[in-house]
Amino acid sequence: MHLPPRVLTVAGSDSGGGAGIQADLKTMLALGTHGMSVLTAVTAQNSLGVQGAWELPAEAVRAQFRSVVDDIGVQAVKTGMLSSAALVETVAELLAGVRAPVVVDPVGVSKHGDALLAPTALDAVRGALLPTATVATPNLDEVAQLTGVRVEKEADMRRAAAAILEFGPRWALIKGGHLAAGHGECAVDLLTDGTEEHWLRAPRHDNRHTHGTGCTLASALAAQLAKGDTVPQAAAAAKEYVTGALAAGFRLGAGIGPVDHGWRWRGAH
């Protein structure tokens with residue numbers, strides 16, 4: 082009997098299905114892994130934004146994590162929305178006991194500009210969560226929030242990566258999708274461990290329906306690591322998957338629609 086690699090997401094729920102736990106599980110399935118979840122928050126969310134968010138108690142997060150890890154086991158873990166210092170510290174403590182690779186997506190702000198991380202939690206992200214990461218995957222806004230480094234051109238991404246690596250992750254994947262389109266026809270990300278450097282480029286797609294991009298990339302990275310890829314291999318495969326999902330993003334509701342997690346399957350039919 083074939084047992085798919087097991088990947089755990091520790092993140093918030095997106096009731097609209099485009100980001101968060103829902104995006105993570107869709108991505109993990111699309112990439113041939115078995116996705117499992119630890120819910121950290123429930124949001125009321127749609128294509129227009131986040132109308133409400135309710136954090137789960139730390140003991141509920143801890144119980145979900147232990148339930149999955151102690152019985153089923155994991156071959157990679159991905160973290161997303163951890164809204165408070167208490168949750169960040171709880172999850173960091175749990176991750177410290179896991180031997181599998183960990184992808185930390187330090188979610189700070191939603192696609193619509195809604196704050197998803199309390200300012201008081203930033204120190205816990207820097208001091209407790211990022212040191213547990215095999216790979217940290219901040220976007221440029223999250224880099225600025227965590228380090229104060231503002232990236233205005235591609236060359237600044239090295240400085241951003243160095244600032245993130247100071248907090249202890251083994252690799253930093255700096256996502257350059259927010260760089261102004263005038264900086265080139267490609268969406269460029271920088272993956273580095275401070276020694277090796279990998280520049281990941283893909284064509285920009287003129288599609289505003291990009292909800293869930295960050296969650297999807299981090300989950301794809303975790304899925305590839307669970308399948309045995311090296312970090313550079315996993316990042317390249319995740320970039321390819323998310324680029325296709327972005328190109329196929331579709332309108333949903335009256336605002337920003339999601340990327341298409343099933344683009345490969347739909348393209349085959």
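Note that this note's numbering has the sequence shown beginning at 82, numbered continuously upward.
Ideal placement from N, C-alpha and C gives every residue a C-beta, glycine not left out.
Bear in mind that the values here come from a model prediction, so they are computed numbers and not experimental data.
| field | Helix, strand or coil at E233 according to DSSP, with G and I counted as helix | value | By 1-based counting over the sequence shown, the position of residue 233 is 152. E233: coil per DSSP, three-state reduction.
| field | Backbone CA spacing between H292 and R147 [nearest angstrom] | value | As a first step, residue 292 must be located in the sequence shown, where it is residue number 211. As a first step, residue 147 must be located in the sequence shown, where it is residue number 66. Spanning the two alpha carbons is a distance of roughly 30 Å.
| Run of the beta strand (DSSP E) containing K159, from where it starts to where it stops | Looking up residue 159 in the sequence shown gives position 78. Element bounds for K159: 157-160.
| Taking the C-alpha atoms as reference points, what is the distance between L33 and M82? | Nothing in the structure corresponds to residue 33, since the chain is present only between 82 and 350.
| field | Whole-angstrom distance between L89 and I153, CA atom to CA atom | value | Numbered from its first residue, the sequence shown carries residue 153 at position 72. Numbered from its first residue, the sequence shown carries residue 89 at position 8. Cα-Cα distance, rounded: 10 Å.
| field | Proximal residues to K256 (C-beta, below 6 Å), its chain only, five neighbours per side dropped | value | Numbered from 1 along the sequence shown, position 175 holds the residue referred to as residue 256. Result list for K256: N220, D270, in chain order.
| request: Would you list, in sequence order, the uninterrupted alpha helix (DSSP H) runs of no fewer than 4 residues that lie entirely inside the region 87-138? | output: 101-111
| So which of L246, R87, Q103 has the shortest CA-CA distance to S94? | In the sequence shown, residue 94 corresponds to position 13, counting from 1. Checked all of L246, R87, Q103; the closest Cα to S94 is Q103.
| message | Taking 8 Å as the threshold (C-beta atoms), are S96 and A125 in contact? | response | Here residue 125 corresponds to residue number 44 of the sequence shown, with the count starting at 1. Here residue 96 corresponds to residue number 15 of the sequence shown, with the count starting at 1. Closer than 8 Å, so yes.
| request: Name the residue from L281, I337, A328, T218 whose alpha carbon lies nearest to the alpha carbon of L298. | output: Sequence index remark: in the sequence shown, residue 298 carries index 217 (1-based). Checked all of L281, I337, A328, T218; the closest Cα to L298 is T218.
| query | Looking at C-beta atoms only, is the number of pairs between the region 203-213 and the region 226-234 that lie closer than 8 Å three or more? | reply | yes
| For the candidate residues A100, T213, G116, whose alpha-carbon lies nearest to that of H84? | Within the sequence shown, residue 84 is the residue found at index 3, counting from 1. Reading off the sequence, residue 84 comes out as Leu, not His. Nearest of A100, T213, G116 to L84, Cα basis: G116.
| Assigned secondary structure, L84 (DSSP; H/G/I helix, E/B strand, else coil) | Position 3 of the sequence shown, counted from the first residue, corresponds to residue 84. L84: coil per DSSP, three-state reduction.
| Does the Cβ of L260 have 16 or more other Cβ atoms within 10 Å, making it buried, or fewer, making it exposed? | Stepping through the sequence shown from its first residue, residue 260 is reached at position 179. L260 should be labelled buried.
| request: Please work out which residues of its chain come closer than 6 Å, Cβ to Cβ, to L306, disregarding the five sequence neighbours upstream and downstream, and give them in chain order. | output: As a working note, residue 306 is residue 225 in the sequence shown. Here the set comprises A157, P182, A315.
| message | Does A268 come out as helix, strand or coil in the three-state DSSP assignment? | response | Stepping through the sequence shown from its first residue, residue 268 is reached at position 187. Residue state, collapsed to three classes: strand.
| How long is the line joining the alpha carbons of L198 and A236, rounded to whole angstroms? | Position 117 of the sequence shown, counted from the first residue, corresponds to residue 198. Position 155 of the sequence shown, counted from the first residue, corresponds to residue 236. One C-alpha to the other measures close to 28 Å.
| request: Please confirm if A122 has its CB atom under 8 Å from at least one CB of chain B. | output: Structure shown: chain B not included; a single protein chain is present.
| 8 Å contact criterion, which F331 and H290 should meet: CB distance rounded | The count along the sequence shown starts at 1 and reaches residue 331 at position 250. The count along the sequence shown starts at 1 and reaches residue 290 at position 209. Their Cβ separation, rounded to whole angstroms, is 6 Å, which keeps F331 and H290 in contact under 8 Å.
| Run of the beta strand (DSSP E) containing R282, from where it starts to where it stops | On the sequence shown, residue 282 is found 201 positions in, with the first residue counted as 1. 278-284 is the span of the beta strand (DSSP E), which, as asked, contains R282.
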